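K.L.:
Those letters in the sequence shown? Residues 11 to 360, by the numbering used here.
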Amino acid sequence: MISKETIFEALKNVLDPEIKKSLVELNMIKDVEILGQDVIVNVTLTTMGCPLKDKIKKDIISEIKKVEEVENVEVVYGEMTKEQKQEMIQKLQGKGERKNPFANTRVIAVGSGKGGVGKSTVTANLAVAMSSLGYKVGLIDADILGYSIPQIMGINKERPTIIEEGVIMPIEKKGVKVISMGNLIEKNDALIWRGPILGQILTQFIYDVYWGELDYMLIDLPPGTGDVPLSLMQSLPKAEILIVTTPQITAASVAKRLGFMAAKTNNKITGVVENMSYFICNNCSEKHFIFGEGEGEKLSSELGAAYLGDIPLMTSIREGSDKGNILAGDINTEIGKIYNKIAKKLEHLG
Ligand SMILES: Nc1ncnc2c1ncn2[C@@H]1O[C@H](COP(=O)(O)OP(=O)(O)O)[C@@H](O)[C@H]1O
Ligand SMILES: [Mg+2]
């Protein structure tokens, strides 16, 4: 005879595709009926419109069919009540006071002295490279007004699932969990927002997104050292700062401002990456230092930070960004090798 217990045991192996916890643990299995060798599973979804309904059904059927004697499996859907949803959210986020979702996470805020240095490109590539080292990685696009992460990561058209006010599921791409304003609003809607609202949105990105346990959280800061990056950093006291610079920017011109920001927010500047360092043309394999050499290293020593390496100007990097195809996770590509080295240096600084 098939028992309910064995069926529930089997259902423990079925994870909610987004929350990545078992349906049993999430109280999503309302009931199991056993009629001879047929099993009927009643599942309660957060919403009937759940886009992952079919996947959940398939997974349930395949797990229960593994149970001896089972012939047919039927899945019946229901919807959670408001109270049930609330209960699930509390379970997910922990009861009582808002806990710090990054208590066991290395938070790396990526900043720059000025815009256009390739900060977002470097952040996205580094996130993918860290993930390919086997870490659980998140990425917050904190550049609300000038978001570009969705484009670079190739998730422009995706929308995060909002389970309930206060629980947003990040979008996953190449092993990285991402949240960006670009996935939440239509283009240009953000342009009218000012400081306080930007701050609220960033707080929501930290607390209202269901991040789960992460090893690394990379934050693409808004460019510069203005109020918005400053107050965000103040809300993340244990965060480290990683600076992206280019050889055209003289170290002296940005070191002061960046150092001032770090001192004011009490964050440590961990490292410096120099982007667009040199160009390798197709005809010769020589490195051409178009903008000069050594500014990144100079900046790192002025800030007392580690120098993590340089990234050349490469057409494939620009194309990868434009097409939303990040190559940094593939160790067989030149870009992959470069980022792998930088990721490993960052890993060892922790
Ligand atoms: N190493 C690189 N080689 C070639 N193009 C790059 C490189 N890094 C960035 N880019 C390109 O430079 C432009 C600006 O990069 P972006 O990451 O948006 O800068 P930021 O976030 O600092 O404003 C983008 O078109 C991007 O594809
Ligand atoms: Mg940017």
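Even for Gly, the Cβ is constructed at its ideal location relative to N, Cα and C.
A quick note: this is a predicted structure, and the numbers were derived from the prediction, not measured.
Comparing alpha-carbon positions, which option in G164, G176, L337 and S142 lies nearest G192?
P.N.:
Taking the first residue of the sequence shown as 1, we reach residue 192 at position 182. Closest option to G192, Cα to Cα, is G164.
K.L.:
Within this structure, are the beta carbons of V80 and I12 separated by less than 8 Å?
P.N.:
In the sequence shown, the residue the question calls residue 80 occupies position 70. In the sequence shown, the residue the question calls residue 12 occupies position 2. The answer is yes: Cβ separation under 8 Å.
K.L.:
Does the structure place the stretch 81-99 close enough to the stretch 207-214 that three or more beta carbon pairs sit under 8 Å?
P.N.:
Short answer: they don't touch.
K.L.:
Taking only beta-carbon positions, decide if F289 is within less than 8 Å of chain D.
P.N.:
The structure shown has no chain D; it contains just one protein chain.
K.L.:
Anyone know if the C-beta pair for S331 and P233 falls short of 8 Å?
P.N.:
For the purposes of this step, residue 331 is taken as residue 321 along the sequence shown, with counting starting at 1. For the purposes of this step, residue 233 is taken as residue 223 along the sequence shown, with counting starting at 1. Contact flag unset, no.
K.L.:
Once you ignore the five residues that flank D69 on each side, which residues in its own chain have a CB closer than 7 Å to its CB?
P.N.:
In the sequence shown, the residue the question calls residue 69 occupies position 59. If we look at D69 and ignore the five residues flanking it on each side, its Cβ neighbours are V24.
K.L.:
What does the shell around ligand 2 hold, if a residue joins when its beta-carbon is under 6 Å from any heavy atom?
P.N.:
This selection yields K129, S130, D153, G156 and S158.
K.L.:
For A113, tell me which candidate among K248, D26, K351 and R267 has the shortest Cα-Cα distance.
P.N.:
The residue you call residue 113 lines up with position 103 of the sequence shown. Minimum Cα distance to A113 is reached at K248.
K.L.:
Compute the distance between the beta-carbons of I348 and L337, then report whether it is under 8 Å.
P.N.:
Taking the first residue of the sequence shown as position 1, residue 348 is located at position 338. Taking the first residue of the sequence shown as position 1, residue 337 is located at position 327. Against a cut-off of 8 Å, the Cβ pair of L337 and I348 comes out as no contact.
K.L.:
In the structure shown, what three-state DSSP assignment does N293 receive?
P.N.:
The residue you call residue 293 lines up with position 283 of the sequence shown. Three-state result, N293: coil.
K.L.:
Which residues does DSSP pair with I50 in a beta bridge?
P.N.:
For the purposes of this step, residue 50 is identified with residue 40 of the sequence shown, where counting begins at 1. Beta-bridge pairing links I50 to E43 and E84.
K.L.:
Apart from the five residues just before and just after L246, which ones in its own chain have a Cβ nearer than 6 Å to its Cβ?
P.N.:
Sequence index remark: in the sequence shown, residue 246 carries index 236 (1-based). V117, listed in sequence order.
K.L.:
Which complete beta strand (DSSP E) runs does the stretch 130-176 hold, if anything under 3 residues is left out?
P.N.:
Within the stretch 130-176, the complete beta strand (DSSP E) runs of at least 3 residues are 147-151 and 172-174.
K.L.:
Could you give the distance in angstroms between the alpha-carbon of A316 and the alpha-carbon of K124?
P.N.:
For the purposes of this step, residue 316 is taken as the residue at position 306 of the sequence shown. For the purposes of this step, residue 124 is taken as the residue at position 114 of the sequence shown. Cα to Cα, A316 sits roughly 20 Å from K124.
K.L.:
Please state the DSSP three-state secondary structure of I195.
P.N.:
As a working mapping, residue 195 is identified with position 185 in the sequence shown. DSSP places I195 in coil when its eight states are reduced to three.
K.L.:
Determine, using beta carbons only, whether V176 and D218 come nearer to each other than 8 Å.
P.N.:
Within the sequence shown, numbered from 1, the residue matching residue 176 stands at position 166. Within the sequence shown, numbered from 1, the residue matching residue 218 stands at position 208. A small fix is needed here, since residue 176 is Gly in this sequence, not Val. Yes, the Cβ-Cβ distance between G176 and D218 is below 8 Å.
K.L.:
If we ignore side chains and look at the alpha-carbon of each, how far apart do I300 and M286 end up?
P.N.:
Counting from 1 along the sequence shown, the entry for residue 300 is found at position 290. Counting from 1 along the sequence shown, the entry for residue 286 is found at position 276. Answer to the nearest angstrom: the Cα atoms are 9 Å apart.
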